[in-house]
Amino acid sequence: MKAKLSPRWPEGYKGTSFAAGLVLSNDGKQLYVANRLHNSIAHFTVLADGSLSHQEDIWTRGDYPRTLTLDNQGQWLYVMNQRSDNITRFSVAPKDGKLTFASDYTPVGSPSQMVISAQP
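Each residue of the sequence shown is one higher than the one before, counting from 11 in the working numbering.
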């Protein structure tokens with residue numbers, strides 16, 4: 011299967027796009043992409059033929075999202091907001107992968123990467 015990503019800007023956005031980290035759900039059905047200059051997460055559903063269907067753009071609640079990380083169960087998505095010095099957390103809806111801000115801000119100086127490992 012071949013796939014191609016094309017530039018995509020949120021509706022009404024006139025600025026520059028700078029895609030950063032992306033993460034695919036464990037079941038391969040949801041794709042999340044950080045957009046640094048729009049401070050958003052683009053959420054796509056991966057269709058059976060491998061093409062992408064845009065679902066939503068969500069504000070990261072931070073500045074300059076660099077990396078996205080999903081927990082091992084796929085219930086939480088974490089965003090490393092590099093310029094606002096914080097990590098924000100979103101719940102992931104099990105049915106459709108839609109994101110909801112969990113009202114969590116973790117202060118961290120210029121976060122860029124995060125790895126979640128399984129507990130022993």
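For each residue, glycine too, the CB sits at the ideal point set by N, CA and C.
Treat the numbers as computed from the prediction; the structure is a model and nothing was measured.
The three-state secondary structure of Leu57, taken from DSSP, is coil. Here Val89 really is in contact with Ala44; their C-beta atoms are around 7 Å apart, less than 8 Å. Between Trp69 and Asn49 the beta-carbon gap is near 6 Å, inside 8 Å, which marks them as a contact. Under the three-state reduction of DSSP, Gln65 is assigned to strand. In the three-state reduction of the DSSP assignment, Gly31 falls in the strand class. A direct Cα-Cα distance of roughly 7 Å separates Val125 from Thr79. DSSP places Arg76 within a strand segment (E or B) once states are collapsed to three. When beta bridges are read from the DSSP output, Met90 appears opposite Thr77 and Ile97.
Between Gly72 and Thr98, the beta carbon gap of about 5 Å places them in contact (Cβ cut-off 8 Å).
Secondary structure at Ala44: strand, using DSSP grouped into helix, strand and coil.
Non-local beta-carbon contacts of Ser63 in its own chain, meaning distances under 7 Å to residues more than five positions away in sequence, involve Phe54, Thr55 and Leu57 in chain order. Short of 8 Å from the beta carbon of Ser122, and not among the five residues preceding or following it, lie these beta carbons of its own chain, in chain order: Arg76, Thr77, Met90 and Gln92. Distance check between Arg46 and each of Leu32, Asn82 and Glu66 places Leu32 closest, using alpha-carbon atoms only.
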